Amino acid sequence: GRIQDLLNNRFRLKLLEDGKGEVVITGLEERSANDAAEFLRLIEEGNRERTTHATEKNDTSSRSHAICQIMLRAKGTNKLKGKLSLVDLAGSERGSDTKSHNQQRRTESSDINTSLLALKECIRALDSGKGGKHVPYRASKLTLILKDCFTSELAQTSMIATVSPGASSADHTINTLRYADRIKEQKVGDMSNARSKSQKSTPSREPPRKSMSSPATLRSPARSPRRPAGGRDVGDIDPLEREES
């Protein structure tokens with residue numbers, strides 16, 4: 001899948017891992033914001049560049065995930081002091097939701113579902129990986145970008161799940177709630193108990209910086225196995241249910 005900089009004319013980005021296993025997004029532009037109004041303007045600017053199309057369920061459906069990273073840096077040294085990642089996940093779609101779509105919409109749906117499944121599998125591995133189980137961050141660019149949200153002992157993660165009250169969306173609602181429930185139970189890196197003295201550093205007056213990137217939903221055929229139109233449905237692959245004790 002592609003990653004594009006929504007604040008830099010959809011510039012094509014690359015993901016790399018350094019010798020310490022930290023993920024670096026090469027080519028991603030940082031923009032300074034001096035106040036809340038400027039932050040909101042940058043968010044609106046990035047949102048306007050997102051790919052949206054009409055589907056059977058929505059008139060303006062997001063066809064990609066979006067990540068807004070807010071970087072807090074020390075004045076003078078520019079040393080990174082903190083990072084806030086705001087992630088808007090595109091909704092999963094079943095094959096029945098896309099039966100009247102063209103090939104491009106079905107491909108987008110397939111890639112969205114594939115990355116959501118990768119995120120689910122990372123959460124599952126973390127939940128049962130106390131013995132050093134491998135966590136498949138490299139299964140998608142989405143999970144690779146969000147890797148530090150799961151591995152840092154200082155990280156804290158919150159999830160907001162949006163559901164529909166309509167009976168026709170009951171399956172999606174159940175799967176979304178199961179997804180959120182697993183994240184609620186997950187203590188990423190024992191972050192609920194870990195606190196570092198370095199967190200108590202004096203707040204910097206340096207204006208925070210913002211960047212927005214969007215993993216596009218068109219996967220390169222050379223890197224993706226063929227699959228039926230519409231792809232695998234997230235809800236069809238053993239949903240995240242709380243294990244019985």
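Numbering-wise (full-length UniProt numbering), the sequence shown opens with residue 1 and increments by one. Every residue gets a Cβ at the ideal spot worked out from N, C-alpha and C, and that includes glycine. In this text the structure is predicted, and so the values were computed from the model without any measurement.
Straight-line Cα distance separating residue j from residue i
i: E17; j: I25; result: 9 Å
i: I70; j: V23; result: 16 Å
i: S92; j: I160; result: 15 Å
i: R12; j: T114; result: 21 Å
i: K14; j: E30; result: 15 Å
i: S64; j: I112; result: 7 Å
Same chain, Cβ closer than 6 Å to residue i, neighbours up to 5 away in sequence not counted
i: T143; result: A118, L119, C122 and Y137
Under the three-state DSSP convention, the category residue i falls into
i: Q103; result: helix
i: A66; result: strand
i: S164; result: coil
i: T26; result: strand
i: T144; result: Just to set this straight, residue 144 is Leu in the shown sequence, not Thr. Helix, per DSSP.
i: K184; result: helix
i: L72; result: strand
i: R138; result: helix
i: S152; result: coil
i: R178; result: helix
i: S169; result: helix
i: S158; result: coil
First and last residue of the uninterrupted beta strand (DSSP E) at residue i
i: E17; result: K14 to E17
i: S128; result: Taken as a continuous stretch (DSSP letters only), S128 belongs to no beta strand (DSSP E), as it is neither H nor E.
i: G82; result: L80 to D88
i: Q4; result: I3 to D5
Limits of the unbroken alpha helix (DSSP H) element including residue i
i: L42; result: A36 to R48
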